[in-house]
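In mature numbering (1 follows the signal peptide of the UniProt record, and there is no 0), the protein residues as written are -19 to -1, 1 to 162.
For glycine and all other residues, C-beta sits at the position ideal for the given N, C-alpha and C.
For reference, the structure is listed below as structure tokens.
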Amino acid sequence: MRMLLRILLVVYLLAAVDACSPSERAALLAFRAALKEPYLGIFKSWAGNNCCAGWYGVSCDPTHKVTDISLRGHSEDPILAGRTGFMAGSLGVVNLSRNALEGQIPDVFSANSYFTEFDVSFNDLKGPIPKSLSSAQYIGLVDFSHNHLCGAIPIGPPFDHLEASSFTNNDCLCGTPLKRC
């Protein structure tokens, strides 16, 4: 009996070492909670302790840090609802374009957020661009175009290097590089 308990403990500890961090898992689950996608079941695999193994659209680096969330064009159903939370760390790519996402972009970003790509274009998103995105350490390619976003584009980095094409075809966005508010 003791041997069985020891084996189970070793297996549990090894699984924990190979898993993503509890904070990244919690952030992904909070992000998932903001999403509704009943037809394709793309989030059914987002279960268990290891978000680096088998979670559809989630990629991790060799140290088991989440680097990408890529669900580009996988749904025709409106799936995004506003939610608050905390998404920290280096997510290289967040591509949720062409998913008929609906609602507001969740305000879940921090000063540690780092994106090489953040694309939510061609959806049905409403409301402002989250202010927490302006605190991100770095954002490379950004595309908010073809939504129903409204309000002032955040000022300063990382938004100061973006072209107008990143914001076109929205209801009432304003500020640099678009018209003044």
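Distance between beta carbons of residue j and residue i, contact taken as under 8 Å
i: Thr157; j: Ile134; result: 7 Å
i: Asp100; j: His129; result: About 17 Å separates the two Cβ atoms, so there is no contact after all.
i: Cys131; j: Cys153; result: 4 Å
i: Asn76; j: Ser51; result: 5 Å
i: Val47; j: Leu9; result: 7 Å
Reduced DSSP category for residue i - H, G, I as helix; E, B as strand; rest coil
i: Ser91; result: coil
i: Asp100; result: strand
i: Asp105; result: strand
i: Ser40; result: strand
i: Ser51; result: strand
i: Ala133; result: strand
i: Leu82; result: coil
i: Asp152; result: coil
i: Asn143; result: Before going on, a small fix: residue 143 reads as Leu here, not Asn. Looking at Leu143 - three-state DSSP - the assignment turns out to be coil, as it is neither helix nor strand.
Residue i burial status per 10 Å Cβ neighbour count (16 or more: buried)
i: Glu5; result: buried
i: Leu122; result: exposed
i: Pro87; result: buried
i: Ile136; result: exposed
i: Gly29; result: exposed
i: Gly84; result: buried
i: Ala145; result: exposed
C-alpha distance - residue i paired with residue j, whole-angstrom precision
i: Gly73; j: Val39; result: 11 Å
i: Leu82; j: Thr44; result: 31 Å
i: Ala7; j: Ser147; result: 30 Å
i: Ser126; j: Asn151; result: 6 Å
i: Ser26; j: Lys160; result: 43 Å
i: residue 163; j: Asp49; result: With the chain running from -19 to 162 in the structure shown, residue 163 is simply not present.
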